[in-house]
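Protein chains in written order, with our numbering: chain A, 1 to 207; chain B, 1001 to 1207.
Even glycine gets a Cβ: it sits at the ideal position worked out from N, Cα and C.
Here the structure is a predicted model, which means the values were calculated and not measured.
Have a look at the structure below, then the notes.
2 protein chains.
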Amino acid sequence: MAARLSATALPLDRRLVDEALTLLREEGLESLSLRRIARRAGVSHGAPQRHFDGLAGLLSQVAAHGFGLLSRAVEEGAGRLPPGSDPVARLAAAGRAYVEIAVANPALFALMFRPEDLDMQTPDLARESQAAFEALVRHVRAAQDAGWQAGRDTRLLAGCVWAAVHGLAVLWAQGALSGPVPHASLDDAVATTLELAFGCRHGGSHV
Amino acid sequence: MAARLSATALPLDRRLVDEALTLLREEGLESLSLRRIARRAGVSHGAPQRHFDGLAGLLSQVAAHGFGLLSRAVEEGAGRLPPGSDPVARLAAAGRAYVEIAVANPALFALMFRPEDLDMQTPDLARESQAAFEALVRHVRAAQDAGWQAGRDTRLLAGCVWAAVHGLAVLWAQGALSGPVPHASLDDAVATTLELAFGCRHGGSHV
DNA sequence: TTTTCGGGTTGACAATGTCTACGAATTGGT
DNA sequence: ACCAATTCGTAGACATTGTCAACCCGAAAA
């Protein structure tokens, strides 16, 4: 029988995650339901249970995918500066990329940080989210080796850098800053946050 | 008829918000439903509709209450240092109080920053959340007047300070840092974040 | 006294997540 | 080649949820 129509060539679990991602993109978090995803994938509402441990299992897989995207975007952001350049500037570029991908995918990003809706024990999710943090730790360590905030606990410092960038991403992605700071552009906000956190001007505009 | 039992003396809308708050505290965000709140308040499931515009209306009132608590906690935190002291230190103390109250009320805090579940047009909610930000702006302006980050747009700077503190509050409240940074205390994390954002040691331990 | 109306009850409805029993098709063993 | 077993999707039931409309009662107003 070889290949059927291209739309149904993928295994169902992959298709379900894909449909969840597009549904997330098109209609947002609140209209994401197990039955809707199944309907869009053309299967009955009971089918997903065969592949995931309930809704939380499916959403966890979607979130894992999101952490993979996040990791790649951050690495790609840092990689825009050559490997030999100022590690603090590379760290700032990584932070900028973090905010940008979060703002570009607000619903997925919101899901990724909703532990009530996820099962954090899911292997893929645990692995991807940990990998994302460990990549950040490496960048922070490189910056410390170059003298920035030397002597501080590296993992704690990485957690705090993460927090600063994450806070901006969350608030901007949900529009919480557009009211109180109406005239500011995302670029202004990112630049200011990075300068606050890293002590001096870094990172420039994107691209 | 004067006063009935003290438990039923309050008007129903107040009682519903109170029950929602305790339910939020005792069982978390996911088990918060209109019908459960009504059951706990001893009324039928249709009663809340008479007082609030659906579930979003009730939750918005709860969130408004949360922003009131937040504002008071932050002001109280800054007020621990005498009005004449270093405005940057006062700003740091306010940030510390922000994180502490968020971590002490994780479910309420999560609800407050879930615009999908709220109606941000609700007058009380809009007023309280704006008031909280404006208080922060005043602290930032005082710090700028003392020379810290002088010349920067005050509201944008306030937004970025908020983001840094908020990110730590969010991540810590949902336990996202306990895995990656297992040995750190909340006090360490707050101190590091504040020192990162404000450039030098400030704030000390609470109380 | 009669009317009006704020507030609470009741029942219905659609939608959701989960569970179970069922069926069909593919696979593996002999 | 045949039978058994396992995989994978279906179909239905169930409890729960948010919302809506009709009803109802008691107090204030006319």
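A residue is called buried when at least 16 other Cβ atoms come within 10 angstroms of its Cβ; A:Gln130 does not meet this threshold and is exposed. By the CB criterion at 8 Å, B:Leu1156 and B:Gly1095 fall outside the cutoff. With respect to the 8 Å criterion, A:Leu58 and A:Phe67 are not classified as neighbours on the basis of their beta carbons.
The beta carbon of B:Glu1076 is closer than 8 Å to those of Ala1097 in its chain, skipping five residues each way along the sequence. Leaving aside the five residues that flank A:Ala78 on each side, the residues in its chain whose CB is nearer than 8 Å to its CB run, in chain order, Arg90, Leu91, Ala93, Ala94, Ala97 and His139. B:Glu1019 and A:Leu12 have their C-alpha atoms some 43 Å from each other. In the three-state scheme derived from DSSP, where H, G and I count as helix and E and B as strand, B:Ser1060 is classed as helix. Nearest CB-CB separation between A:Ala56 and chain B: not below the 8 Å threshold.
In terms of CA proximity to B:Leu1024, B:Ala1063 leads the group B:Ala1063, B:Val1043 and B:Leu1010. Annotated three-state conformation of B:Phe1052 is coil, per DSSP. Secondary structure at B:Leu1108: helix, using DSSP grouped into helix, strand and coil.
With contacts defined as CB atoms closer than 8 Å, A:Leu118 and A:Leu125 qualify as a contacting pair. In the displayed model, B:Glu1075 falls within a helix according to three-state DSSP. At a cut-off of 8 Å, the C-beta of A:Ala92 has no neighbouring C-beta in chain B. Put simply, the backbone Cα of B:Ala1104 is about 21 Å away from that of B:Val1161. In the structure shown, B:Pro1082 adopts coil according to DSSP, grouped into three states.
At a cut-off of 8 Å, the C-beta of B:Gln1121 has no neighbouring C-beta in chain A. Between A:Phe198 and A:Val88, the C-beta gap is smaller than 8 Å, which places the two residues in contact. For a Cβ distance threshold of 9 Å, nothing in chain A lies close to B:Gln1144: the least Cβ distance comes to about 13 Å. When A:Pro180, A:Ser31, A:Arg39 and A:Gly28 are compared, the shortest CA-CA separation from A:Leu16 is found for A:Arg39.
At a cut-off of 8 Å, the C-beta of A:Asp188 has a neighbouring C-beta in chain B.
Short of 8 Å from the beta carbon of B:Leu1081, and not among the five residues preceding or following it, lie these beta carbons of its own chain, in chain order: Ala1089, Arg1090 and Ala1093.
Between B:Leu1070 and B:Ala1132, the CB-CB gap stays under 8 Å. Residue-level contact check: A:His139 does not touch chain B, since none of the beta carbons of chain B fall below 8 Å from its beta carbon.
Of all residues in the stretch 63-88 of chain A, none has a C-beta nearer than 7 Å to a C-beta of chain B. Contact annotation for B:Arg1036 against chain A: no contact, minimum CB-CB distance about 16 Å [criterion: below 9 Å]. DSSP, read as helix, strand or coil, puts A:Thr193 in helix.
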